[in-house]
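Using this note's numbering, read the sequence shown as starting at 1 and increasing by one per residue.
Where a beta carbon is used, it is the ideal one built from N, C-alpha and C, also for glycine.
Structure record follows, encoded as structure tokens.
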Amino acid sequence: MRAIVVNETTRELRIGEVPTPQPGTGEVLVKVAAAGVNRADLLQRRGLYPPPPGVTDIIGMEVSGTVEAVGEGVDGHAPGDTVCALIAGGGYAEYAVVPAGQLLPVPDGLDTVDAAALPEVACMVWSNLVMEAGLGGGETVLIHGGGSGIGTHAIQVAKALGATVAVTVGSEAKAQRCRELGADIVINYHEQDFAEVLAGRVDVILDIIGAKYLQRNVSALAVGGRLVIIGMQGGVAGELNIGMLIGKRCRVIGTNVRNRPLTGPGSKAAVVAQVQEHVWPMIAEGTVRPVISARLPLADAEEGQALLDSADSVGKVLLLPA
1 MRAIVVNETT RELRIGEVPT PQPGTGEVLV KVAAAGVNRA DLLQRRGLYP
51 PPPGVTDIIG MEVSGTVEAV GEGVDGHAPG DTVCALIAGG GYAEYAVVPA
101 GQLLPVPDGL DTVDAAALPE VACMVWSNLV MEAGLGGGET VLIHGGGSGI
151 GTHAIQVAKA LGATVAVTVG SEAKAQRCRE LGADIVINYH EQDFAEVLAG
201 RVDVILDIIG AKYLQRNVSA LAVGGRLVII GMQGGVAGEL NIGMLIGKRC
251 RVIGTNVRNR PLTGPGSKAA VVAQVQEHVW PMIAEGTVRP VISARLPLAD
301 AEEGQALLDS ADSVGKVLLL PA
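Here it is in structure tokens:
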């Protein structure tokens with residue numbers, strides 16, 4: 001099959017021929033219609049975010065497509081089913097193997113290709129805002145990177161939960177799109193300090209930046225606030241005023257989805273099941289929709305990653321093998 005491989009010397013992406021994977025026990029083989037591009041893919045390409053042990057080194061953590069074959073012990077899925085899926089690797093290819101517990105049906109009313117924009121962001125947003133931070137109606141949430149794939153999805157889910165939504169963005173184009181999606185407070189970080197604008201007012205923060213924002217995030221939190229850190233774009237080590245943290249009775253939570261166990265409490269399968277139960281109805285009724293910046297051929301993976309990493313992209317970038 002064709003897949004994107006990384007040149008070990010130059011770190012460039014190119015199309016190559018690799019063996020087609022086969023599903024093992026409890027796994028499903030999916031013929032890929034589209035793969036989502038995520039910021040973690042850029043880190044993996046640079047050798048900074050390797051896949052978990054035993055997982056293919058082909059980049060790509062979410063796909064949509066058609067079930068091609070099922071392994072032993074798989075019930076409820078059959079060849080021909082249209083699905084999307086959360087995976088730990090292997091998405092930038094014509095075929096991908098998926099643990100059965102990480103498959104999702106394509107939501108009603110959504111194109112199969114566009115469904116590739118959902119699994120990673122839906123699982124990240126729901127697991128962190130709701131399962132970890134317990135965001136509820138009437139609370140205020142701050143979403144850093146409001147114009148990103150995670151950000152555009154999180155705005156919609158948080159609004160559906162009845163929260164007041166604040167976001168940070170880096171351009172007026174992204175600010176306008178966030179407002180269209182329902183953001184109540186939009187802060188251009190080139191012009192304003194979010195910690196000053198929101199001082200002591202935020203119940204939950206979803207943070208992709210990390211160290212650079214650590215102290216200011218705590219300043220923005222209200223009493224009992226929860227800071228969930230899911231990224232390290234601003235570094236891995238920062239200073240924190242412990243007195244402020246204690247005084248506000250706040251919590252700082254660090255999580256990811258990729259390295260969770262496949263099954264059991266807190267597993268990927270548990271997250272996927274909650275997403276299907278709670279988020280998929282929002283998508284079916286049109287309350288939440290995927291926001292897609294571009295759909296590109298698989299061979300243009302280099303361009304797709306560059307677009308995701310630019311100021312021009314709002315939402316998700318998809319790669320199409322066909």
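Pair within 8 Å by beta-carbon distance, alanine 311 and glycine 145:
With contacts defined by Cβ atoms closer than 8 Å, alanine 311 and glycine 145 do not form a contacting pair.
task: If I'm right that leucine 240 touches leucine 214 with Cβ under 8 Å, what's the distance once you round it to whole angstroms?
output: Yes, they are in contact, since the Cβ atoms of leucine 240 and leucine 214 sit about 6 Å apart, within 8 Å.
| request: Give me whichever residues DSSP pairs with histidine 144 in a beta bridge. | output: DSSP, once it has assigned bridges, lists Thr168 as partnering histidine 144.
> Under the DSSP definition of a beta bridge, which residues are partnered with valine 98?
Replying inline: Listed as beta-bridge partners of valine 98 by DSSP are Val28.
- [ ] Assuming glycine 71 and threonine 25 form a contact by the criterion Cβ under 8 Å, report the distance between their Cβ atoms to the nearest whole angstrom.
- [x] The Cβ separation is near 5 Å, so the contact holds.
query = Thinking C-alpha only, which one of Arg295, Arg289 and Asp309 is nearest leucine 110?
reply = Nearest of Arg295, Arg289 and Asp309 to leucine 110, Cα basis: Arg289.
**OP:** Return yes when the Cβ of glutamate 68 is within less than 8 Å of the Cβ of tyrosine 95, no when it is not.
**Re:** A contact, by the Cβ cut-off of 8 Å.
query: Near arginine 11, which residues of its chain fall below 8 Å by C-beta distance, leaving aside the five closest residues on each side in sequence?
result: Contacts found: Arg45, Arg46 and Gly47.
Q | Reference alanine 175; option with closest CA among Val74, Asn188 and Asn38 | A | The residue with the shortest Cα to Cα distance from alanine 175 is Asn188.
If you compare alpha carbons, which of Val186, Asp207, Glu17 and Leu103 is closest to glutamine 233?
It is Asp207 whose Cα lies nearest to the Cα of glutamine 233.
Practice prompt. Go to isoleucine 229, then tell me how far its beta strand (DSSP E) extends in each direction, as first and last residue.
Written response: For isoleucine 229, the enclosing beta strand (DSSP E) starts and ends at 221-229.
Cβ shell of tyrosine 49 (< 6 Å), same chain only, five flanking positions each side left out
Excluding positions up to five away in sequence, the list reads Ala40 and Leu43.
- Query: Rounded to a whole number of angstroms, what is the C-alpha to C-alpha distance between threonine 168 and glycine 162?
  - Reply: Answer to the nearest angstrom: the Cα atoms are 19 Å apart.
Taking DSSP's pairing of strands, which residues face arginine 260 in a bridge?
Its beta-bridge partners do not exist; DSSP assigns none.
- Could you tell me the distance, in whole angstroms, from the CA atom of aspartate 300 to the CA atom of glutamine 274? Using only the alpha carbons, I get a separation of about 33 Å.
- Message: Taking a contact to mean a Cβ-Cβ separation below 8 Å, would you say glycine 65 touches alanine 33 in this structure?
- Response: In contact: glycine 65 and alanine 33 (Cβ atoms closer than 8 Å).
Please state the DSSP three-state secondary structure of glutamate 196. DSSP places glutamate 196 in helix when its eight states are reduced to three.
Expressed to the nearest angstrom, what Euclidean distance is found between the alpha-carbon atoms of histidine 190 and valine 197?
Taking the straight line joining both Cα atoms gives about 13 Å.
Note to self: So, for arginine 226: in the same chain, excluding its five sequence neighbours on each side, which residues have a beta-carbon less than 6 Å away from its beta-carbon?
What the structure shows: Once the five neighbours on either side are set aside, the close Cβ partners of arginine 226 are Ala133, Val204 and Arg251.
Q: Confirm, please, whether the CB-CB distance from alanine 85 to valine 387 is below 8 Å.
A: Residue 387 is absent from the model: the chain starts at 1 and stops at 322.
Judging by CA-CA distance, which residue of Leu142, Val30 and Ala166 is the nearest neighbour of proline 105? Of the candidates Leu142, Val30 and Ala166, the one whose C-alpha sits nearest the C-alpha of proline 105 is Val30.
Q.
What does the alpha-carbon distance come out to for the pair isoleucine 59 and glycine 247?
A. Put simply, the backbone Cα of isoleucine 59 is about 43 Å away from that of glycine 247.
*Residue environment, aspartate 114, which counts as buried when at least 16 other CB atoms sit within 10 Å*: Buried.
Checklist line | Assigned secondary structure, arginine 289 (DSSP; H/G/I helix, E/B strand, else coil) | finding: Here arginine 289 sits in coil by DSSP.
* Can you check whether the CB of alanine 199 is closer than 8 Å to the CB of alanine 220? -> Result yes, Cβ atoms of alanine 220 and alanine 199 sit closer than 8 Å.
Q.
Could you tell me the alpha carbon to alpha carbon distance between valine 271 and proline 281, rounded to whole angstroms?
A. The alpha-carbon separation between valine 271 and proline 281 amounts to approximately 15 Å.
Selected residue, minimal CA-CA separation from aspartate 81, among Val28, Val125 and Val55: Of the candidates Val28, Val125 and Val55, the residue whose Cα lies closest to the Cα of aspartate 81 is Val28.
key: Simplified DSSP assignment, three categories, for alanine 306   = Three-state result, alanine 306: helix.
Quiz item: Quick one: what's glycine 36 bridged to in DSSP?
Solution: The partner list for glycine 36 (beta bridge, DSSP) reads Leu318.
* Do glycine 224 and arginine 249 have their C-beta atoms closer together than 8 Å? -> One thing to note: glycine 224 has its Cβ within 8 Å of the Cβ of arginine 249.
Proximity winner among Glu62, Ala88 and Leu103, relative to histidine 77 (alpha-carbon distances): With distances taken between Cα atoms, histidine 77 lies closest to Leu103.
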